[in-house]
Each structure stands twice: as C-alpha cells, then as structure tokens.
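For the sequence shown, counting from 1, position 173 maps to 172 in numbering that gives the first Met the number 0; every step adds exactly one. In this text, a Cβ means the ideal position worked out from N, Cα and C, and glycines have one as well. Structure, as structure tokens:
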Amino acid sequence: MRQILISGAFALVFALFGTRILIRILEKKGFGQIIRDDGPSTHHIKHGTPTMGGIIFILASILGYLFSHLVTLTPVTASALLVIGLVVALGVIGFLDDWLKVSKQNSRGLKGRYKLTGQALAAGGFAYLGLQYMNEYSLTPISQYLSGVRETSIYLGTTVVILWIILMVMSASNGVNLTDGLDGLAIGAAIMVFLAFVLIGVWQFGQSCGAEVTAGCYAVRDPLDLAVLAAAFAGACTGFLWWNTAPAKIMMGDTGSLALGGAIAAFAATLRVQLLLIPLGGLFVIITLSVLIQTFYFKISGGKRVFRMAPLHHHFELKGWEEITIVIRFWIISGLSVALGLGLFYAQWVAK
C-alpha cells in the first residue's frame, strides 16, 4: 500500500507542475491544436491550444512507478515493464500523428493505415512478450487462457491470444481517441478506470495463489506491482486534468489518447480481466458504438444519420448542451460503468 501511495502521489505532483512547464514550451514552439472544419463551430476557439500533452502524463506515470521502487528498494516486474513498453510505443505513434498535424497545419496527421499498422505491431509485440518471462510459479504476464472477471478454462493458444490482444489494444486505444473530443472528458473517465485497476490488483494480491493453490485464488503474475503502476497512471492523469479541464490550457493529443487506451487494455490483459474491459470502459464503448452506428446507418440509408454528429458527445453539443454539462454527465456514466465492472468482479468472488 505504501508503494501505491508513493507512486500515485509522485506522478500527480510531477504531472501537475510539469504540465504547466510543458504548456509554456509548446506555446513558444507554436505547437497548437488543429481543429477540424467539419466539427462543432464552438470548437474553433480551441484552435492553437497547446497539444501533445500526453507526453507529460506518460513521463509522470513512468517516473512515479520507478520512484516508488527506488524508495522501497523493490525490483520492477516484467508485467509492469511490458505495460510501460506498450504505452510508450503507442505514445510515439500518437506523437508522430500530432507532429504531422502541427507541422503541416491540417487535421489529417498520420495516414489511418499507418496508424493502425503501428498500433497492431505494438500490441502484437506486447502480446508475444507477455507470453514469455515465466516466474517461479510458472505464470507469465499474459495468460494463454481467455479471462472474463477472472481467468477461465477456455484455452486460446499463442496465435489466438496475440490476435485477441491486438484487437483489445486497438479497440481501447481508438475508443479513448474518439472520446477525447471535449475538455477533460477522456482523461477523467480514464482516471476512474485506472483506480479500478488499483483495487483489482490489490485484491488479487491479497487472494493470490502463490505457492499454494486454494479455492478461488487468483493466478496472476505481479498483481500488486500492476496496482502500483495503475496508481501512477491515475495520479499522473489527475495532475494533467487540472490543466485539461474546461477551458483546457492543453490537449493530450493522439500522443495521450492512444497511450491511455493502450494502458487500459494492457492492465485488463495482465490482470486477467479481459472481458471486464467492456463494463469498466463503458463510456469508451458507448462512444465508439455511436461512431459505428452512425457510419453503418449512413451507408445503408443513402446519407441519413442517427445522430446529428458522431462521436456521441458532439451530438449533444449540436443539441445545445453546454460542454461542461456533457463532460460531467458522461463522467457519471463512466463512474457507473466502473462501479458495474467492480461489482461484477466482486460478485464472482462472493459466488466462488
């Protein structure tokens, strides 16, 4: 618990003060957000707001995690390092996208196929390496078995596991990216999910199988250290939210949104709660579905729309809702989704 507090506190403070410094640097460089012409007209005022803010909370999360280990003199684990590796890889892809947008002064950025290919390669590498590094209890960071609220008896095999993890990472990464359309919306929802992973990791550690397998125990490698890393992400995102809340002084950009989604999927995979990703990330799922529904209906109906605009939060903007109202109400939805996910996790334990 001490390690979790140190990790989260350090990351929060670093992000809180580091974001202000980053804002000044980005303003001097002229790295401002490019706003799409086809978006809500109220967003044009955000043109030029510093972007690429994801750099700071990625850095703060890593430093918070490492600092907690330095203070407590405990070794880092393979599971946490793999999550960090995936986050950094996706952050680099997002950074390239943001860089192209600000350097060319248009909203296109990295071509879609290149971005998706990069995400798939990063996720595939994470999945493959996650199946290696067996510990003394024969546990690897990622299991060969499908997991819901815990690991099941459904064996997938190496190839299917890698494809499944690629799907998870790409879905979560792009889901957070789609949600990042209003000030503070995506980062606030992500904080709740990371806090849920802290609780799940701590609980799994307390009920870990370890050397002795007992009824209902959790066969998860490094659950406590993953909770420490999740706390670092929660703290870093909270520090960043101080500056990202409406009216935002800085945007996370694709640098942040792709990395956050990847982190969420990575925690679900390494904590062996893969299908729990759906209720925990309920807001991201809803917003992604709104885009899919809009696109599908537009094509089959010859140009008609279900929503005034997708993603869903823009629909409510065009209906006249204030941005802050949408953000708070969507945060409530996210909180309820996370509560549902935690409820399902605990209910499985009670019913064991």
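### Task
Look at residue 145 and residue 153 and say whether their C-beta atoms are less than 7 Å apart.
Residue numbering aside, residue 145 sits at position 146 when the sequence shown is read from its first letter. Residue numbering aside, residue 153 sits at position 154 when the sequence shown is read from its first letter. For residue 145 and residue 153, yes; Cβs fall inside 7 Å.
### Query
If you count every other CB in all the chains shown that lies within 10 Å of the CB of residue 135, and 16 or more means buried, which is it?
Position 136 of the sequence shown, counted from the first residue, corresponds to residue 135. Residue 135 is exposed by the Cβ-count criterion.
### Contact under 7 Å by Cβ, residue 302 with residue 85
Locating residue 302 in the sequence shown gives position 303, where the first residue counts as 1. Locating residue 85 in the sequence shown gives position 86, where the first residue counts as 1. For residue 302 and residue 85, no; Cβs fall outside 7 Å.
### Message
Let's see if you can read the secondary structure: which residues bound the beta strand (DSSP E) around residue 22?
### Response
Mapped onto the sequence shown, residue 22 falls at position 23. Premise fails: residue 22 lies in the alpha helix (DSSP H), 1 to 28, not in any beta strand (DSSP E).
### Query
Hey, out of 222, 197, 198 and 199, whose CA is closest to residue 209's CA?
Translated into positions along the sequence shown, residue 209 becomes position 210. Checking every option, the nearest Cα to that of residue 209 belongs to 222.
### Query
What does DSSP give as the partner residues of residue 150 in its beta bridges?
Taking the sequence shown and counting its residues from 1, the one referred to as residue 150 is at position 151. Paired residues: 146.
### Message
Please return the same chain residues whose Cβ sits closer than 6 Å to the Cβ of residue 9, not counting the five positions on each side in sequence.
### Response
Here the question's residue 9 lines up with position 10 in the sequence shown. Result list for residue 9: 63 and 66, in chain order.
### Message
Counting C-beta neighbours from all protein chains within 10 Å, is the total for residue 318 16 or more, i.e. buried, or is it exposed?
### Response
Numbered from its first residue, the sequence shown carries residue 318 at position 319. The residue is exposed, with fewer than 16 neighbouring Cβ atoms inside 10 Å.
### Message
Can you list, in chain order, the residues of its chain with a C-beta nearer than 7 Å to that of residue 200? Leave out the 5 residues immediately preceding and following it.
### Response
Walking along the sequence shown from the start, residue 200 turns up at place 201. Excluding residues within five positions, the ones whose Cβ falls inside 7 Å are 222, 223, 225, 226, 229 and 270.
### Task
Alpha carbon to alpha carbon, how far is residue 25 from residue 312? Give it in angstroms, no decimals.
Translated into positions along the sequence shown, residue 312 becomes position 313. Translated into positions along the sequence shown, residue 25 becomes position 26. Distance between the alpha carbons of residue 312 and residue 25 is about 27 Å.
### Query
By a C-beta neighbour count over all protein chains shown, 10 Å radius and 16 as the cutoff for buried, is residue 246 buried or exposed?
Locating residue 246 in the sequence shown gives position 247, counting from the first residue. Classification for residue 246: exposed.
### Task
With DSSP as the reference, label residue 197 as helix, strand or coil.
For the purposes of this step, residue 197 is taken as the residue at position 198 of the sequence shown. Note: residue 197 maps to helix in three-state DSSP.
### Task
Tell me residue 207's beta-bridge partners as DSSP assigns them.
By 1-based counting over the sequence shown, the position of residue 207 is 208. In DSSP, residue 207 forms a bridge with 217.
### Task
Would you give the residue range spanned by the alpha helix (DSSP H) that residue 276 belongs to?
Here residue 276 corresponds to residue number 277 of the sequence shown, with the count starting at 1. Where residue 276 is concerned, the enclosing alpha helix (DSSP H) stretches over 276 to 279.
### Message
Quick check: what's the CA-CA separation for residue 279 versus residue 341?
### Response
Numbered from 1 along the sequence shown, position 280 holds the residue referred to as residue 279. Numbered from 1 along the sequence shown, position 342 holds the residue referred to as residue 341. Roughly 8 Å between the two C-alpha positions.
### Query
At which residue ranges does the segment 114 to 185 contain complete alpha helix (DSSP H) runs of 4 or more residues, listed in the order of the chain?
157 to 178
### Task
Decide yes or no for the touch test of the segment 121 to 131 against the segment 83 to 98: beta carbon pairs closer than 8 Å, at least 3 of them.
yes
### Query
Taking one C-beta from the segment 166 to 175 and one from the segment 272 to 292 each time, how about it: are there three or more such pairs within less than 8 Å?
yes
### Query
My guess is that residue 97 and residue 111 are in contact by the Cβ rule of under 8 Å, so how many angstroms apart are they, rounded?
Along the sequence shown, one-based indexing puts residue 97 at 98. Along the sequence shown, one-based indexing puts residue 111 at 112. The pair is not a contact, with the Cβ atoms about 15 Å apart (cut-off 8 Å).
### Task
For residue 191, collect the residues of the same chain with a Cβ closer than 7 Å to its Cβ; drop the 5 residues on either side in sequence, then sort them by chain order.
Numbered from its first residue, the sequence shown carries residue 191 at position 192. So the list reads 333, 334 and 337, once near-sequence residues are dropped.
### Message
Measuring alpha carbon to alpha carbon, tell me which residue in 213, 292 and 293 is nearest residue 348.
### Response
Taking the first residue of the sequence shown as 1, we reach residue 348 at position 349. Of 213, 292 and 293, the residue nearest in Cα terms is 213.
### Task
Take residue 130 as the anchor and find which of 73, 265 and 13 has the nearest alpha-carbon.
Taking the sequence shown and counting its residues from 1, one reaches residue 130 at position 131. Of the listed residues, the one whose Cα sits closest to residue 130 is 265.
### Query
Does the separation of the CB atoms of residue 256 and residue 182 fall below 7 Å?
Residue mapping note: residue 256 aligns to position 257 of the sequence shown, counting from 1. Residue mapping note: residue 182 aligns to position 183 of the sequence shown, counting from 1. Not in contact: residue 256 and residue 182 (Cβ atoms no closer than 7 Å).
#### Entry: Distance between residue 339 and residue 23 (C-alpha atoms, nearest Å)
For the purposes of this step, residue 23 is taken as residue 24 along the sequence shown, with counting starting at 1. For the purposes of this step, residue 339 is taken as residue 340 along the sequence shown, with counting starting at 1. Between residue 23 and residue 339, the C-alpha separation is close to 40 Å.
#### Entry: Straight-line Cα distance separating residue 150 from residue 159
Here residue 159 refers to the residue found at position 160 when the sequence shown is read from its first residue. Here residue 150 refers to the residue found at position 151 when the sequence shown is read from its first residue. Cα to Cα, residue 159 sits roughly 16 Å from residue 150.
### Query
In angstroms, rounded to a whole number, what distance separates the CA positions of residue 296 and residue 289?
Residue mapping note: residue 296 aligns to position 297 of the sequence shown, counting from 1. Residue mapping note: residue 289 aligns to position 290 of the sequence shown, counting from 1. Using only the alpha carbons, I get a separation of about 11 Å.
### Query
Can residue 55 and residue 117 be called in contact, C-beta distance under 7 Å?
The residue you call residue 55 lines up with position 56 of the sequence shown. The residue you call residue 117 lines up with position 118 of the sequence shown. No, the pair does not count as a contact, with Cβ atoms beyond the cut-off.
### Test item: CB-CB of residue 399 and residue 59 under 7 Å
The requested residue 399 is not part of the displayed model; the chain covers only 0 to 351.
### Query
Cα separation between residue 308 and residue 196?
Within the sequence shown, numbered from 1, the residue matching residue 308 stands at position 309. Within the sequence shown, numbered from 1, the residue matching residue 196 stands at position 197. Those two C-alpha atoms are separated by around 32 Å.
#### Entry: Proximity of residue 251 and residue 53 at Cβ, strictly below 7 Å
For the purposes of this step, residue 251 is taken as residue 252 along the sequence shown, with counting starting at 1. For the purposes of this step, residue 53 is taken as residue 54 along the sequence shown, with counting starting at 1. Contact: yes.
### Query
Which term fits residue 28, buried or exposed, when burial requires 16 or more other beta carbons within 10 angstroms of its beta carbon?
Residue 28 sits at position 29 when you count from the first residue of the sequence shown. The residue in question, residue 28, is exposed, as its Cβ has fewer than 16 Cβ neighbours within 10 Å.
### Message
Do residue 19 and residue 138 have their beta-carbon atoms positioned less than 7 Å apart in this structure?
### Response
Residue numbering aside, residue 138 sits at position 139 when the sequence shown is read from its first letter. Residue numbering aside, residue 19 sits at position 20 when the sequence shown is read from its first letter. In this structure, residue 19 does not lie closer than 7 Å to residue 138 by Cβ.
### Message
Using 7 Å as the threshold, is the C-beta distance between residue 72 and residue 238 below it?
### Response
For the purposes of this step, residue 72 is taken as residue 73 along the sequence shown, with counting starting at 1. For the purposes of this step, residue 238 is taken as residue 239 along the sequence shown, with counting starting at 1. No, Cβ-Cβ distance for residue 72 and residue 238 is not below 7 Å.
### Task
Would you mind stating whether residue 215 and residue 330 have Cβ atoms separated by less than 7 Å?
As a first step, residue 215 is located in the sequence shown; it is residue number 216 there, counting from the start. As a first step, residue 330 is located in the sequence shown; it is residue number 331 there, counting from the start. For residue 215 and residue 330, no; Cβs fall outside 7 Å.
### Task
Have a look at residue 185 and residue 51 and give me their C-alpha separation to the nearest angstrom.
Start at 1 with the first residue of the sequence shown, and residue 185 comes out as number 186. Start at 1 with the first residue of the sequence shown, and residue 51 comes out as number 52. Using only the alpha carbons, I get a separation of about 15 Å.
### Query
Looking at the unbroken alpha helix (DSSP H) that takes in residue 94, where does it start and where does it end?
Here residue 94 is taken as the residue at index 95 of the sequence shown, counted from 1. Element bounds for residue 94: 77 to 103.
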